[in-house]
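Undergrad: For reference, each letter of the sequence shown is one residue, going 6 to 294 in the numbering used here.
For glycine and all other residues, C-beta sits at the position ideal for the given N, C-alpha and C.
Bear in mind that the values here come from a model prediction, so they are computed numbers and not experimental data.
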Amino acid sequence: MAAIVLDGKEIAREIEEELKGRIGDLSKDGVTPCLAVVIVGNDPASHVYVGAKERACARLGIRSLRVDIAPDAEYGEVVSTVRRLNEDPGVNGVLVQSPLPSGMDEISITDLIDPIKDVDGFHAQNLGRLVQGDVSGLLPCTPAGVMRMLERAELDLRGKRAVVIGRSRIVGMPQSLLLAQRGVDATVTIAHSRTADMADLCRDADLIVAAVGSPNMITAEWVKPGATVIDVGVNRVADNSEKGYYLTGDVHPDVLDVAGALSPVPGGVGPMTIAMLMSNTVRATEMQH
Ligand code: NAP
């Protein structure tokens, strides 16, 4: 039997509806949330992502402010831009779009953002709270979006085996913490490029979250029948189309025949990430007022 498709677009729409109510309450107090996005350089994928964020802001009535910085700008210009946005009381959320040009350290830039405006949830203080088991603050958007997707699917993860493939600061590691937190209670294995017997690990899992960046890596043979599979990966594969590429995830399409539930690419985790960014922007605005 084919897996249930976890429709990220639909869940994101529901989250946006809920946010509209909270944005309406803020506007009664004369407050309009404002998200500032700093983009350094001309990475085409970054421009696509920033465009999607701006459109989401427009749908919700969140003010969006975009600061474009030239690819050959000095590190100091990025630092002074972040400091200026931190100090601006009209700006509630600040993010610096990844990737930065080589030579610019993303972690030190992230740690310059005022933690209460850190809508990506990557500041050491916000990630540290997550390690302490406090999930009430600004959480990294992609893993938080995955959690909302799993909640919406009413999946009981207590005592279940989860394998998170990938251990990045922005996806894999916080995802693992969120799955292992009290109340969710999954037993989590974190896999990475040095993991041995990956297929065996996955075959034992009730939940697989793939956040690698390797097209179609997780095949049907790796998946236990009925398991839930969340595909975080976004890979551009070259083809002869007008665009010159198509998007695919880390999970092979054949997994649909084996899994109990599967998030598609596109239309799965991607829209959830944007919805959680909007949610963090509203949350940050509420915390600041
Ligand atoms: P990343 O920083 O490059 O991390 C990739 C992780 O995958 C690393 O931990 C790496 O292990 C591991 N890995 C690499 N090859 C592997 C292999 N053969 N077997 C097992 N693990 C392997 O990437 P990221 O930022 O976490 O993003 C991961 C994917 O998610 C990318 O495709 C990205 O585009 C996508 N993404 C999607 C969204 C969304 O909204 N949908 C958001 C963020 C990211 P090591 O640590 O050992 O190197």
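According to the Cβ coordinates, are V42 and V55 closer than 8 Å?
TA: yes
Undergrad: Please confirm if the segment 134-147 is in contact with the segment 157-164, defined as three or more CB-CB distances below 8 Å between the two stretches.
TA: no
Undergrad: Drop a sphere of 10 angstroms on the beta-carbon of I112, count the other beta-carbons inside from all chains shown, and report buried for 16 or more, exposed for fewer.
TA: exposed
Undergrad: CB-CB under 6 Å to L182, same chain, minus the five flanking residues each way: which ones, in chain order?
TA: L135
Undergrad: Where DSSP assigns a beta bridge to T233, which residues make up the other side?
TA: L212 and A266
Undergrad: Between the Cα of R18 and those of V234, G218 and G273, spot the shortest distance and give me the residue it belongs to.
TA: Considering only alpha carbons, the answer is G273.
Undergrad: With a threshold of 8 Å, are at least 3 pairs of Cβ atoms found where one atom belongs to the segment 116-128 and the other to the segment 90-105?
TA: yes
Undergrad: Do V168 and I235 have their C-beta atoms closer together than 8 Å?
TA: No; because the gap between Cβ atoms is not below 8 Å, this pair is not in contact.
Undergrad: Ends of the beta strand (DSSP E) at R166?
TA: R166 to I170
Undergrad: Tell me whether S181 counts as near the ligand NAP, meaning its Cβ is closer than 7 Å to at least one heavy atom of that ligand.
TA: False, no ligand heavy atom lies under 7 Å from that Cβ.
Undergrad: Beta carbon of A264, beta carbon of T233: below 8 Å?
TA: yes
Undergrad: Using only the alpha-carbon positions, how far apart do Y250 and H197 sit?
TA: Counting only the Cα atoms, H197 lies some 27 Å from Y250.
Undergrad: Residues in the same chain with beta-carbon distance under 8 Å from R27, minus the five sequence neighbours each way, listed in chain order, please.
TA: V287 and E291
Undergrad: For my contact list, R187 and M178 are in at a C-beta cut-off of 8 Å; report their separation, rounded to the angstrom.
TA: Going by Cβ atoms, the distance from R187 to M178 rounds to 18 Å, so no, they are not a contact pair.
Undergrad: Could you check what DSSP says for A185 in three-state terms: helix, strand or coil?
TA: Helix at A185.
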